[in-house]
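For reference, the structure discussed in these notes is given below.
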Amino acid sequence: MNNVKEILNLITDPSPGDIALIKKAYSAAKKAHEGQTRYTGEPYFCHVFETAKTLAELHMDAETISAGLLHDSIEDKHLSEDGVQKEFGEDILFLINGVTKLGKLEYKGMRRHAESLRKLFIATSQDMRVLIIRLADRLHNVKTLEGHPTEEKRKRIAMETLEVFAPLAHRLGMWHLQGELEDNAFKYALPEEYKKTAELFKQKIKFDERFMEKARRSLQKELAKHDMKPVAMSYRIKRLYSLYKKFTYKKNIDEIHDFVAIRVIVENVEDCYRTLGIVHKLWRPVPDTIKDYIAMPKPNGYQSLHTVVFTGDGGIVEIQIRTAQMHEEAEFGIASHLAYKEVGDSVDKSHKYKATPTWIKQILEWQKGVSESGEFLEHLKMDFFKNRVFVFTPTGDVIDLPEESSAIDFAYAIHTDVGQHISGAKINGKMSSLDNTLNNGDIVEIITNKNSHPTSKWLKHTKTTLANRHIKAYLAENDTSIFNFLPKIG
Ligand code: MN
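According to my numbering, numbering within the sequence shown proceeds without interruption in unit steps and concludes at 500.
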């Protein structure tokens, strides 16, 4: 148990240097946490070992895995920064410091929590691997919540996982990790809802699995008739928390058609479309359910063909068709780009890690103006992790905004100057009122005029903190209220 081989076995063709590095980090971590136990009673080393294992499963590089092993050593004062730098180099030290929470003495309570997140985002903006280590760390923490001494803390950690960390994994396109974080936290964050959902899940799975297997076999036969041999075929069963979320807007479980999906993995893109054709010849598609995310990938890069079909025996099934590479990317998201295998020389490598997604930069940008910790957390949840809409600029760039955002939010997301001079907006080619809310896929064009300026009315139609802050700042600087034109009394 907890043998370094378990980690090394997860890596495809590690170089001798990688093996040596991971072994060294393993021994150093083992020694550092010697005799230390977690609240669960197990040796502390288990925690850093599992964190590193998750990173290896995500195909992260040897440095990240090593930093995973060592991630609590400096925080727990077992190792010094100088020592780590000397033994493991600057990059690993940076990764460890990035995930290290702030000291209990510097800040307390909510403040400490908010400041720790800020620090995490700053480090992440310099190296994406920091965030991935933090997510792997959180996964093990949330998997072992059972043993947590206080109910209150258990609930807080679970809630924070649902509100902040799982959405972060989602934003990184790491579906698998997101699902694991959510399902493990769900039980403790919302115990009643969890019980209810789990019960419904059990009933539905019994019903669905029966005719799903039948549908899978018919499809396989039909594909064979057309000389199509899929690389793999499987089901994907909706995860508990994602099922629960779906309930919040679909009241009836029978309306949920993607509870179980058949996943067909094929050789190449042509085969994806051919397979779709065969599926539709076999079964009639449910209108408006065909999604071509291959030609039009989701903003986080997700690619696949989706369709929902009537299987003829009263069943309705979702079918997802994609290539093996698309599948890998869908499961691992950004991690599949940072992955071990793809990393070439070191120049290329550092470039890769330092390519920060725009939304991380946005968090850093607007958090500067937020001084209250509570406010910071609220806005983080609202602006970045609530349901998002993805809209396009006329040149095809994607801008990602919270639901119910308006063209005003869109303009400020493009550039402050654009926001400050909006005079009108075209949505999908038509002139539109500035207070209209934007929908997924809208193409938005902002018309500016140097003589146009923000008005207090705009505040009612903005959803993002960014727009709100700029408008307020403008209004404060240029007090344009009509009372200015009245003669002053007294
Ligand atoms: Mn940890």
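Think of the CB as a built atom: it goes at the ideal place given N, C-alpha and C, for glycine as much as any other residue.
- Residue range 326 to 333 is occupied by the beta strand (DSSP E) that includes residue 330.
- Here DSSP, grouped into helix, strand and coil, assigns residue 22 to coil.
- Proximity of the segment 72 to 81 to the segment 28 to 35 meets the contact definition, three or more beta-carbon pairs being nearer than 8 Å.
- Less than 9 Å divides the Cβ of residue 153 from the Cβ of residue 60.
- Note that the segment 416 to 428 touches the segment 446 to 453; at least 3 beta-carbon pairs, one per stretch, sit closer than 8 Å.
- Secondary structure at residue 410: strand, using DSSP grouped into helix, strand and coil.
- Apart from the 5 residues on each side of it in sequence, residue 481 sits with its Cβ closer than 6 Å to the Cβ of 464, 468 and 469 in its chain, given in chain order.
- For residue 370 against residue 126, the beta-carbon gap comes to about 16 Å, at or over 8 Å, which does not count as contact.
- Contact between residue 43 and residue 88 holds, since their C-beta atoms are separated by about 7 Å, short of 8 Å.
- Of the residues 227, 215 and 283, the one whose Cα lies closest to the Cα of residue 250 is 215.
- For the pair residue 276 and residue 459, the Cα-to-Cα distance works out to about 51 Å.
- Close CB contacts of residue 402 within its chain, under the 8 Å cut and outside five residues either way in sequence, are with 408, 409, 451, 452, 453 and 454 (chain order).
- Under DSSP, residue 400 shares a beta bridge with 410.
- Taking 8 Å as the upper bound for CB-CB distance, residue 237 and residue 270 are not in contact here, some 27 Å apart.
- Under the Cβ criterion (8 Å, minimum of three pairs), the segment 139 to 157 counts as touching the segment 182 to 195.
- Annotated three-state conformation of residue 186 is helix, per DSSP.
- Rounded to whole angstroms, the gap between the alpha carbons of residue 199 and residue 226 is 36 Å.
- By the Cβ-count criterion, residue 345 is buried, with 16 or more other Cβ atoms from all chains shown falling within 10 Å of its own Cβ.
- Only residues of its own chain outside the window of five on either side were considered, and among them 221 have a CB closer than 6 Å to the CB of residue 325, listed in chain order.
- Distance from the C-beta of residue 194 to the nearest heavy atom of the ligand MN is not below 8 Å.
- Leaving aside the five residues that flank residue 35 on each side, the residues in its chain whose CB is nearer than 6 Å to its CB run, in chain order, 76, 79 and 80.
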